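For reference, the structure discussed in these notes is given below.
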Amino acid sequence: MNADIFLIGAGQTRFGEWWDKSLRTLMDEAISAAITDAGVTALDIDFVVVANMLGEATCDQAHLGSMAASLLPHRPPALRTEAACASGAVALHAATALLESGRAETVLVVGVEKMTDVPNDLVAAALMGAADAERDAPSGLTFPGVFGLVATRYMHEYGLTREKLNIVSSRHHVNAVSNPNAQFRMAISPEAVGASPLVADPLRLLDCSPVSDGAAALILSTKKESDTRLAASAISTDAVSLTERQTITSFAASRTAAMQAFAEASIGPRDLSHVELHDCFSIAALVSVEDLGLADPGMGIHLYESEDHLTVNASGGLKACGHPVAATGVKQLIDIRKQLRQSKKQWGLAHNFGGAAATAGIHILENLHA
Amino acid sequence: MHDFPPSAARRATEHRKMMQEGTILSFTVVHHPPEGFPTEPRTIALLELSDGTRVTGLLVTNGITPVIGQHVQPRMRLSRITSEKLRIYEPAYEITEQKPVEQKVFPGYILALTGPSGVGKSTVTARLTRSVGRFAAPVPIVTTRKAKDTDEKGEYIHVSAEEFMDLKKSGALVAATDIPSKTEQRWYGYRASDIAAIWAKGKIPVVITEMGLLQELSRHYGRRSILSCGLLPPGRSKRTMLSALLHRLRSRGRDTEESIEDRMKNAERDLAFFRDQKELFDHLLVNEDLDTVVNSLKGHVMELVKA
């Protein structure tokens, strides 16, 4: 990092089905909460970065940078980032660059998504935009289908059983019970996961994160200090289509971003106390713990089978918190800060990816009062 | 999916490349197909085609349960009819055999260098295998071309045309090609035993290839086994690249003017190959400075060693 960047404030809406809230009202709610939490005034914000993937497809709304800025009295400059489900991490990365360059001293990052207004077919087609329209979509593949391919191959290579895979979503649901901002605050047994309807073999309904509405905002600053420092911000990319990958049971972009982020923060996977990772599908959680270096290839499930000094998706993850796609990457940092404050531990990491990790983003937070 | 005539026409040009047999790498049953597709569940596979490219396509299962490693045949099928009554055809892949095919075991990595004559493949290989000799070794080339004083020791195994054909027939060669020439009949090939011997020593075999050899090696060992690097002459256009090659061929003094003419003709074909068959290359390196190229390849070798 070329500057000392502090996370000074955060706020979010509860994720869920918000038919009475628009993109604008969701953003407004999260932004107001973040400003109050930061103890600054709106006028202190000198840049706004908005993360959003589906504004055009689900709300006929582009131009979200200005829309977010217009919620502030002084209309600061603004931009929007889009990198499918990694839009949030990319927005944070862009904000980091603005702060490091000195162009801005306090930046508001807001991730927002509205997915439940429109029929399922439409939102499924829009999400498929995260895959390759020329190489993946013509076969009739859907996004759950992409991860169905990953899961079939993973089970083939590592002998993971359906019974073991059930544990992942079940664990996320148990974690979400204590999270007031989660969409689904109910425990679900592994058996119930295994008995839910098939969506894309071998993945079932309860392996998949839901469609959700929601917004999450946080304020990063080089001017005002706080108890939480942003210790690393790394983005890496890969071929959009699975057909252009050497392997589909590990994601190169996650591995590269993790390596860079650990180097930037000068720590290793063993130093972490809390991790929020991108479990858009249960199988993605297993691939991700391996890519982050928390488990050996094929051994990710061990982390879910045993209690450990490390918490993974203590918030409930995408599965139980809900996954308003571009808000997720921002919301993960809010949860990491909360967990670090509670446990008084030093290091936490958020891992967010888009598509089948064609973009991966990693952010590491340091609790300075550890 | 938006199927407008221009995008459908563009897509159709891809179909020719997709009409190849292949092997199942993974599959899934999509229970809720996207809007516009027939509503029944679709079995979709990730396939490796015989030229090493990968595609996703509909599997025609014929009631056979798909298995990873199974062999499939391409069939052009009506995929869907759009609201404008445009009929969209897509290659689908049919499982023809009942029994699961034995999994091809991953044999190990091979580093392949491809480039037009005169670009410096032999020099680069010699320098590379000398500096990382503990990890990589050159595979001797079986050839019918006459020995020359300038050949590196152990670079070639010289055989007669009859001996070469015998080796080819017996299946001892994993790849063989003849390079058109007016001056002599030139066959080149690699023996499976030489490659296996290098693997047995725990090293990575380094092969010098051209398009025929590269395609055959990739078919035999699987595209995944081959780290394929293309070596290009410096120059921004085809013309400057060719003139750089001509200059090198003349200055190294190994070839007669007549054979140089042959080589230049082949070089033109080779440069087109880089453009048309991009998917066969993992890295393209420009041989502007020998040290840079060798260092970059060293890095790739060390990555494979770690893998």
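In order, the protein sequences belong to chains P and X.
Just so you know, we're using this note's numbering here: the first sequence kicks off at 23 and counts up by one.
Just so you know, we're using this note's numbering here: the second sequence kicks off at 1063 and counts up by one.
Every residue gets a Cβ at the ideal spot worked out from N, C-alpha and C, and that includes glycine.
All values reported here derive from a predicted model rather than from experimental measurement.
{"Asked": "Any beta-carbon of chain P closer than 8 Å to the one on glutamate 1083 (chain X)?", "Found": "no"}
{"Asked": "Quick one: list the residues of chain X neighbouring glutamine 282 (chain P), beta-carbon separation under 9 Å, in chain order.", "Found": "By Cβ distance, chain X contributes nothing, its closest Cβ being about 17 Å from glutamine 282 (chain P), past 9 Å."}
{"Asked": "Nearest-angstrom Cα distance between isoleucine 356 (chain P) and serine 328 (chain P)?", "Found": "25 Å"}
{"Asked": "Closer than 8 Å is the cut-off here; do at least three beta carbon pairs connect the stretch 133–149 of chain P with the stretch 74–81 of chain P?", "Found": "yes"}
{"Asked": "Would valine 199 (chain P) be called buried (16 or more neighbouring beta carbons within 10 Å of its own) or exposed?", "Found": "exposed"}
{"Asked": "Looking at C-alpha atoms only, which residue of X:Arg1192, X:Gly1180 and X:Val1236 is the closest neighbour of lysine 1327 (chain X)?", "Found": "X:Gly1180"}
{"Asked": "Counting contacts by CB-CB distance shorter than 8 Å, is threonine 265 (chain P) in contact with chain X?", "Found": "yes"}
{"Asked": "Rounded to whole angstroms, how far is the Cβ of alanine 380 (chain P) from the Cβ of valine 262 (chain P), which I believe are closer than 8 Å?", "Found": "4 Å"}
{"Asked": "At which residue ranges does the stretch 1129–1216 of chain X contain complete beta strand (DSSP E) runs of 3 or more residues, listed in the order of the chain?", "Found": "1133–1143, 1149–1157, 1172–1176, 1198–1200 and 1203–1205"}
{"Asked": "Mind the definition here: the stretch 161–177 of chain P touches the stretch 1105–1116 of chain X only if three or more C-beta pairs lie below 8 Å; say whether that holds.", "Found": "yes"}
{"Asked": "Using a Cβ-Cβ cut-off of 7 Å (strictly less than) and excluding sequence neighbours within five positions of glycine 315 (chain P), which residues of its own chain qualify?", "Found": "Ala280 and Pro291"}
{"Asked": "How long is the line joining the alpha carbons of histidine 324 (chain P) and cysteine 302 (chain P), rounded to whole angstroms?", "Found": "19 Å"}
{"Asked": "Measuring straight from C-alpha to C-alpha, what distance separates serine 272 (chain P) and threonine 118 (chain P)?", "Found": "27 Å"}
{"Asked": "Who are the Cβ neighbours of aspartate 59 (chain P) in its own chain at under 7 Å, not counting the five residues just before and after it?", "Found": "Gly31, Ala32 and Gly33"}
{"Asked": "Indicate whether at least one CB of chain P lies closer than 8 Å to the CB of valine 1367 (chain X).", "Found": "no"}
{"Asked": "Which residues share a DSSP beta bridge with isoleucine 1219 (chain X)?", "Found": "X:Val1204"}
{"Asked": "Examine chain X for any beta-carbon lying closer than 8 Å to the beta-carbon of histidine 178 (chain P), and answer yes or no.", "Found": "yes"}
{"Asked": "According to DSSP, glutamine 34 (chain P) sits in a beta bridge with which residue or residues?", "Found": "P:Ala238"}
{"Asked": "Are valine 221 (chain P) and serine 192 (chain P) close, meaning C-beta to C-beta below 8 Å?", "Found": "no"}
{"Asked": "Looking only at its own chain, which residues have a Cβ that is under 6 Å from the Cβ of serine 258 (chain P), when we skip the five neighbours before and after it?", "Found": "Ala275, Thr278, Ala279 and Ala382"}
{"Asked": "State yes or no: is the beta carbon of threonine 1245 (chain X) nearer than 8 Å to at least one beta carbon in chain P?", "Found": "no"}
{"Asked": "From which residue to which residue does the beta strand (DSSP E) around leucine 252 (chain P) run?", "Found": "250–259"}
{"Asked": "Relative to the alpha-carbon of glutamine 205 (chain P), which residue among P:Leu371, P:Asp50 and P:Lys353 has its alpha-carbon at the smallest distance?", "Found": "P:Lys353"}
{"Asked": "Taking Cβ positions, are valine 1221 (chain X) and glutamate 1278 (chain X) nearer each other than 8 Å?", "Found": "no"}
{"Asked": "Here's a check: name, in chain order, each residue in its chain whose Cβ is nearer than 6 Å to the Cβ of tryptophan 40 (chain P), leaving out the five neighbours to either side.", "Found": "Asp235"}
{"Asked": "What is the residue span of the alpha helix (DSSP H) that aspartate 1240 (chain X) lies within?", "Found": "Unbroken run through aspartate 1240 (chain X) is the beta strand (DSSP E), 1235–1241; no alpha helix (DSSP H)."}
{"Asked": "What residue range is occupied by the uninterrupted alpha helix (DSSP H) comprising histidine 178 (chain P)?", "Found": "165–180"}
{"Asked": "Counting C-beta neighbours from all protein chains within 10 Å, is the total for arginine 359 (chain P) 16 or more, i.e. buried, or is it exposed?", "Found": "buried"}
{"Asked": "Measure from the C-beta of histidine 1345 (chain X) to each C-beta in chain P and report whether the shortest distance is under 8 Å.", "Found": "no"}
{"Asked": "Could one say the Cβ of leucine 1108 (chain X) lies closer than 8 Å to chain P's Cβ atoms, at least one of them?", "Found": "yes"}
{"Asked": "Counting only the same chain and skipping the five closest in sequence on each side, list residues whose C-beta sits under 8 Å from that of threonine 1158 (chain X).", "Found": "Asn1124, His1133, Val1134 and Gln1135"}
{"Asked": "Nearest CA to the CA of valine 1268 (chain X): which residue from X:His1077, X:Ala1199, X:Met1227 and X:Arg1139?", "Found": "X:Ala1199"}
{"Asked": "Counting only runs of 3+ residues fully inside the stretch 291–353 of chain P, write out the beta strand (DSSP E) ranges in chain order.", "Found": "296–298"}
{"Asked": "What in chain P is Cβ-close to glycine 1119 (chain X), meaning under 9 Å?", "Found": "Pro160 and Ser161"}
{"Asked": "Would proline 1169 (chain X) pass as an interface residue toward chain P - the criterion being a Cβ-Cβ separation below 8 Å?", "Found": "no"}
{"Asked": "If we ignore side chains and look at the alpha-carbon of each, how far apart do leucine 130 (chain P) and serine 243 (chain P) end up?", "Found": "9 Å"}
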